[in-house]
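Participant: Take 1 as the starting number for the sequence shown in UniProt numbering and just add one per residue. For each residue, glycine too, the CB sits at the ideal point set by N, CA and C. Pasting a structure below so you can have a look.
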Amino acid sequence: MASQPEDKRANQIRQAMHEIRCELDDDVSQIKQSASTLTDWQYYIRHYPWACVGAAAAFGFMIVPRKLKVSNPYTDELLKLARKKRLVINKEDDDDADRAGVVKTAFTFLSGLAMRAAVAQVAQHAASILNQNQGSGSQSSASGQSDTADSAATKPFENHLDRRF
């Protein structure tokens with residue numbers, strides 16, 4: 001007789017375990033669904049739009065840096081700012097110096113280029129004058145010179161250039 005109540009008790013335990021297993025599957029699916037709902041940002045936007053706008057505004061306010069206060073540099077204010085390590089130096093003078101540097105560089109380059117062109121023009125003009133003087137001097141020289149001497153006398157720079165290159 002003692003076995004019947006024990007068997008009955010065991011059957012009750014088995015029945016309770018079976019019910020718990022069935023409920024456990026339902027509970028796990030509910031937990032899974034609620035977890036996916038909690039991690040879905042669109043859920044919060046749909047159900048709490050004003051709270052989301054406020055949170056976004058607060059987040060944006062925290063991220064954006066504050067505007068630096070720029071003041072006229074009096075001695076006392078400079079000392080205060082230097083002590084606070086919030087001293088701002090205006091770089092307008094440096095930008096003007098950089099622009100002047102670029103203009104100065106361009107002017108130097110162009111003036112050098114113009115000087116080289118002028119020197120080349122003067123050298124070419126001097127060479128043509130020398131060629132004309134030597135050409136008239138070779139006509140007044142003795143007629144016993146050979147053709148190679150005439151060509152060397154009329155074109156002294158070309159022979160010199162030919163030997164160099």
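How far does the alpha helix (DSSP H) with Arg-46 in it extend, from its first residue to its last?
Facilitator: Within the sequence shown, residue 46 is the residue found at index 46, counting from 1. It spans 41-47 - the alpha helix (DSSP H) in which Arg-46 sits, taken as one unbroken run.
Participant: Using a Cβ-Cβ cutoff of less than 7 Å, which residues in the same chain neighbour Trp-41 once the five nearest sequence positions on both sides are dropped?
Facilitator: Numbered from its first residue, the sequence shown carries residue 41 at position 41. Correct list: empty, nothing qualifies.
Participant: Roughly how far, in whole angstroms, is the beta-carbon of Cys-52 from the beta-carbon of Tyr-43, given that I think they are within contact range, below 8 Å?
Facilitator: In the sequence shown, residue 52 corresponds to position 52, counting from 1. In the sequence shown, residue 43 corresponds to position 43, counting from 1. Cys-52 to Tyr-43, Cβ: 11 Å. No contact.
Participant: Look up Arg-9 in the DSSP assignment and say whether it is helix, strand or coil.
Facilitator: Translated into positions along the sequence shown, residue 9 becomes position 9. Note: Arg-9 maps to helix in three-state DSSP.
Participant: Enumerate in chain order the residues of its own chain whose CB-to-CB distance from Tyr-48 is below 6 Å, with the five nearest sequence positions on each side excluded.
Facilitator: Along the sequence shown, one-based indexing puts residue 48 at 48. Around Tyr-48: no qualifying Cβ.
Participant: Taking the straight line between their C-alpha atoms, what separation do you get for Ala-10 and Phe-59?
Facilitator: Locating residue 10 in the sequence shown gives position 10, counting from the first residue. Locating residue 59 in the sequence shown gives position 59, counting from the first residue. Computed Cα separation, rounded: 59 Å.
Participant: Report the rounded CA-to-CA distance for Ser-36 versus Leu-24, giving the unit in angstroms.
Facilitator: In the sequence shown, counting from the first residue as 1, residue 36 sits at position 36. In the sequence shown, counting from the first residue as 1, residue 24 sits at position 24. Between Ser-36 and Leu-24, the C-alpha separation is close to 18 Å.
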